[in-house]
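Taken in order, these protein sequences are the chains called A and B. Residue 1 is where the first sequence starts when you use the working numbering, and the numbers rise one by one after that. Residue 346 is where the second sequence starts when you use the working numbering, and the numbers rise one by one after that.
There are 2 protein chains.
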Amino acid sequence: MPQSRATIKDVAAAAGVSITTVSHALSAHKAARVAPRTRDRVRAVAADLGYEADALARTMRTQRSQSVGFISDEIATTPFAGHLVHGAQDALRARASVLLVATTEYHEDVERQAIKALQDRRVDGMLYAAMYHRIVVVPEALRGSPLVVVNARTAEPDTSWVVPDEVRGGWDAADVLLAAGHRRIAMINNVDDIPARDGREQGFRARCAEAGLPAADVVVEHAAAVAEGGYEASIRVLRGRSRPTGLFCFNDRMVMGAYRAAAELGLSIPVDLSVVGFDDLELISEGLYPGVTTLALPHYEMGVWAVEQLYAQIDAPAGMSMPVRTAELRCAVIQRASVTSPPPP
Amino acid sequence: MPQSRATIKDVAAAAGVSITTVSHALSAHKAARVAPRTRDRVRAVAADLGYEADALARTMRTQRSQSVGFISDEIATTPFAGHLVHGAQDALRARASVLLVATTEYHEDVERQAIKALQDRRVDGMLYAAMYHRIVVVPEALRGSPLVVVNARTAEPDTSWVVPDEVRGGWDAADVLLAAGHRRIAMINNVDDIPARDGREQGFRARCAEAGLPAADVVVEHAAAVAEGGYEASIRVLRGRSRPTGLFCFNDRMVMGAYRAAAELGLSIPVDLSVVGFDDLELISEGLYPGVTTLALPHYEMGVWAVEQLYAQIDAPAGMSMPVRTAELRCAVIQRASVTSPPPP
């Protein structure tokens, strides 16, 4: 039998297994479903018969479901989810594929059910998304198949993930204030122990140090990352001994509180106080007066990046290990009207 | 051949068509896929052979894909989408079904592609959702199969839809102000020609009339439904000859502007001015100080309702027409701190 004529059926018959088993055994990302001894036998038979991996790849391409699962911990309570979904969908559309969305509301049993429902529909890969940047443990059921973790890090070495570059974001926020001429600047930070809190503060402090500000002069206050927390921390900072002229808030919700504190203290934004936010929640950043200069989270871009990396795995040649990549995407500075040069001393 | 033994194969053979055609011809919601003459022939043959619709219904039940398509005009730019999706998913979970989400960003070609992608996956039914309450034309490709239009009305008589009860919402907003003792009240309304604008104003005016307020005393100003528009319209109203003590804003974004206008004019909320919003965008309604008394859009409830009605169609016995229902769901008043009794004259 000439080499080019060997089919997957021939391999299955010669190895004494089903066509599905051959397909799995020769697949980069489904081999784990086959017992190692069976897998090795199938691969040996395929090599003997000259069965081409390329032919299998072509077969598999047509067997694709043209769908990707999107498992998200929540979707209802944040306007961010939509941007992730939007980015992923735009990238999928070019591949004539659709996104199947399931949310878990942080319940493990719901997550198991959602993963099973998506796997039953033979999705080509999965996006596992968090609504705020955190560290996740990838569910066992998702391992070994094409997967990208979105807006979260994971300790598993073989898993691709993408998050916002928090450190660079904090650096850029300080830079906006320093570039406008501020030397007395403060940060109102979140109390929650999450990567965004530590990353943004680290970058903020690093940029201040580079500008030659003494570390003791860089004030950082912590509070709950909502408007009320922003108000309380801002009151503390603005009533302090050496009132800052520039304020960086952990997020736009805290900016709402900072605006209220400034108004109560008779400080005009930006003339008496410049403010930089984070998140670019447009309801707030465009709704407040003056509009808030802030950093936009790269949700859309993370959605696109995740789909690209997912397809690098899906398209990986059979027998090759799947490519693993991680990325921290930059948050863009969105200039509005809340920053100007400091008032004369 | 005894009556109970006739199978779908027998009907197909006797009618000279495929099993799929028999299935479609005898189905309540797929009959449109078969030419009328073929459908009638198949139905006559099925009746002759005593083929039971019940048996077909059972077959179809097991053939279900346990998935529902969700076609939405946008999802990225609004925090509402998530609540609709959340409600629909909770209702589907009880049926071990999943939601397949596609967004169209208002592009007709993208919509066609999304509908085809979902139909190719043989979804059991479709939810066709709008991100703001409007009037839609149902795409031709969706007609004749199980379908519920969500957060939109449609003129097609055979289509189920669900929207917020805007008139009742406007009524309840006026009621909150009247119940607190206000007699000089005004509305800041949207300029856009959408059902929410007209419905909320109609209900607002009706409740004021019922309370005996002369129509000429009920001030309604229009502006763009964002913070800046709310600010401008509020300045006009609050600087008017007879300053109102109670203000109803079309939405919470406009409330942001009303708060700014009140602060500029030295009016304290709620002591000098009571304010009622709409939408319950928590970033605003919880973030502003004082918290905003507002009406919550029933997005979660519409998602649940839509799935229930969709399954009433999916479960309709073969040969019966699908049930058509429409509903306007009530918006709940969310009490916060922006309303109190009016100041003494």
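The beta-carbon is built from N, C-alpha and C at its ideal position, and this holds for glycine as well. Since we're looking at a predicted model, the values are computed, not measured.
*Taking Thr-103 (chain A) as the query, report the chain B residues whose CB atoms sit under 8 Å from its CB, ordered along the chain.*
Correct list: Val-430, His-431, Gln-434.
*Please determine if the stretch 301 to 315 of chain A and the stretch 158 to 166 of chain A are in contact, where contact requires at least 3 C-beta pairs separated by less than 8 Å.*
These segments touch.
_Inter-residue spacing [alpha-carbon to alpha-carbon] between Thr-638 (chain B) and Val-564 (chain B)_ = Straight-line Cα distance between these residues: approximately 20 Å.
*For the ligand MG, is there a heavy atom less than 8 Å away from the beta-carbon of Leu-655 (chain B)?*
Looking at this structure, you won't find the ligand MG or any other ligand, since it has none at all.
_Suppose only complete runs of 4+ residues qualify. What are the alpha helix (DSSP H) ranges in the stretch 356 to 392 of chain B, listed by chain order?_
The stretch 356 to 392 of chain B contains these whole alpha helix (DSSP H) runs: 364 to 370.
*Sorted by chain position, which residues of the same chain lie with C-beta nearer than 8 Å to Tyr-259 (chain A)'s C-beta, five sequence neighbours on each side aside?*
The answer, listed in chain order, is Ile-269, Val-275, Leu-288.
*asked:* Under 8 Å: do the stretch 548 to 566 of chain B and the stretch 490 to 499 of chain B share three or more Cβ pairs, one atom per stretch?
replied: The stretch 548 to 566 of chain B is not in contact with the stretch 490 to 499 of chain B.
*At a Cβ threshold of 9 Å, is Tyr-106 (chain A) touching chain B?*
For Tyr-106 (chain A), the closest Cβ of chain B is not nearer than 9 Å.
*asked:* If the criterion is Cβ atoms closer than 9 Å, does the pair Gln-411 (chain B) and Val-443 (chain B) meet it?
replied: Yes, these two residues count as a Cβ contact at 9 Å.
_Given 8 Å, three or more beta-carbon pairs between the stretch 245 to 263 of chain A and the stretch 168 to 186 of chain A_ = Inter-segment contact for the stretch 245 to 263 of chain A and the stretch 168 to 186 of chain A is present: three or more beta-carbon pairs are separated by less than 8 Å.
*Going straight from the alpha carbon of Ala-607 (chain B) to that of Leu-583 (chain B), what length do you get?*
Those two C-alpha atoms are separated by around 8 Å.
*Could you run through the stretch 274 to 292 of chain A and flag, in chain order, every residue whose CB is less than 9 Å away from some CB of chain B?*
Under the 9 Å Cβ criterion, the stretch 274 to 292 of chain A contributes Leu-281, Glu-282, Leu-283, Ile-284, Glu-286, Gly-287, Leu-288, Tyr-289.
*Relative to the alpha-carbon of Asp-217 (chain A), which residue among A:Cys-208, A:Gly-82, A:Pro-344 has its alpha-carbon at the smallest distance?*
Comparing Cα positions, the closest option is A:Cys-208.
*Between the Cα of Ala-130 (chain A) and those of A:Pro-146, A:Arg-121, A:Thr-104, spot the shortest distance and give me the residue it belongs to.*
That would be A:Thr-104, whose Cα lies nearest to the Cα of Ala-130 (chain A).
*For Arg-605 (chain B), go through chain A and note every residue whose CB falls closer than 9 Å to its CB, in chain order.*
Contact of Arg-605 (chain B) with chain A by beta-carbon distance below 9 Å involves Leu-288, Tyr-289.
*Can you find a CB in chain A that lies within less than 9 Å of the CB of Ser-579 (chain B)?*
It does not; no Cβ of chain A falls within 9 Å.
*Could you tell me the distance, in whole angstroms, from the CA atom of Ile-135 (chain A) to the CA atom of Ala-306 (chain A)?*
It is roughly 17 Å from the alpha-carbon of Ile-135 (chain A) to the alpha-carbon of Ala-306 (chain A).
*How is the alpha helix (DSSP H) around His-299 (chain A) delimited, first residue to last?*
Per DSSP, the continuous alpha helix (DSSP H) segment holding His-299 (chain A) begins and ends at 299 to 314.
*asked:* Quick check on Pro-491 (chain B): buried or exposed, where buried means 16 or more other Cβ atoms within 10 Å of its Cβ?
replied: By the Cβ neighbour-count rule, Pro-491 (chain B) is buried, with 16 or more other Cβ atoms within 10 Å of its own.
*Gly-361 (chain B) to Arg-378 (chain B) span [Cα, whole Å]*: Going from the Cα of Gly-361 (chain B) to the Cα of Arg-378 (chain B) covers about 17 Å.
*Establish whether the CB of Arg-681 (chain B) and some CB of chain A are separated by less than 9 Å.*
So, not an interface residue.
*Would you say Tyr-336 (chain B) faces chain A, with C-beta separation under 9 Å as the test?*
The structure shown has nothing for residue 336 (chain B), since chain B only spans 346 to 690.
*Rounded Cβ spacing between Leu-49 (chain A) and Val-11 (chain A) (contact assumed at less than 8 Å)*: Separation of the CB atoms of Leu-49 (chain A) and Val-11 (chain A) is rounded to 6 Å, and the pair is thereby assigned contact status at 8 Å.
*How many Å lie between Cys-676 (chain B) and Ala-572 (chain B) at the Cα?*
Rounded to whole angstroms, Cys-676 (chain B) and Ala-572 (chain B) show a C-alpha spacing of 22 Å.
*Would you report the Cα separation of Tyr-300 (chain A) and Glu-485 (chain B), rounded to the nearest angstrom?*
In this structure, the alpha-carbon of Tyr-300 (chain A) lies about 31 Å from that of Glu-485 (chain B).
*Which of helix, strand or coil does DSSP assign to Asp-73 (chain A)?*
Residue state, collapsed to three classes: coil.
_Measuring only the C-alpha atoms, how far is Arg-382 (chain B) from Thr-499 (chain B)?_
Approximately 30 Å, taken between the alpha carbons.
*Out of B:Val-669, B:Ile-659, B:Ala-672, B:Gly-664, state which residue places its alpha-carbon closest to the alpha-carbon of Arg-467 (chain B).*
Ranking B:Val-669, B:Ile-659, B:Ala-672, B:Gly-664 by Cα distance to Arg-467 (chain B) puts B:Ile-659 first.
*Going along chain A, which residues have a C-beta under 7 Å from Val-678 (chain B)?*
Correct list: empty, because the minimum Cβ distance to chain A is about 20 Å.
*When the Cα atoms are used, what is the spatial distance from Ile-334 (chain A) to Phe-278 (chain A)?*
If you take the alpha carbons of Ile-334 (chain A) and Phe-278 (chain A), they lie about 9 Å apart.
*CB-CB under 7 Å to Asp-272 (chain A), same chain, minus the five flanking residues each way: which ones, in chain order?*
If the five residues before and after Asp-272 (chain A) are omitted, its C-beta is found closer than 7 Å to the C-beta atoms of Pro-343, all from its own chain and listed in chain order.
*asked:* Can you tell me whether His-133 (chain A) is helix, strand or coil according to DSSP?
replied: When DSSP states are grouped into helix, strand and coil, His-133 (chain A) belongs to the strand group.
*For Val-339 (chain A), is the classification buried or exposed, using 16 other Cβ atoms within 10 angstroms of its Cβ as the cut-off for buried?*
With 16 or more other Cβ atoms inside 10 Å of its own Cβ, Val-339 (chain A) counts as buried.
*asked:* Against Ala-572 (chain B), what residues of chain A qualify as contacts under a CB-to-CB distance less than 9 Å, listed in chain order?
replied: Within chain A, the residues near Ala-572 (chain B) are Leu-283, Glu-286, Gly-287, Leu-288, Tyr-289.
_Can you find the residues in the same chain that come closer than 6 Å, C-beta to C-beta, to Ala-337 (chain A), ignoring five residues on each side of it along the sequence?_
Same-chain partners within the cutoff: Pro-290, Gly-291.
_In chain order, what are the residue ranges of uninterrupted alpha helix (DSSP H) at least 4 long that sit wholly in the stretch 255 to 283 of chain A?_
Within the stretch 255 to 283 of chain A, no run of alpha helix (DSSP H) at least 4 residues long lies entirely inside it.
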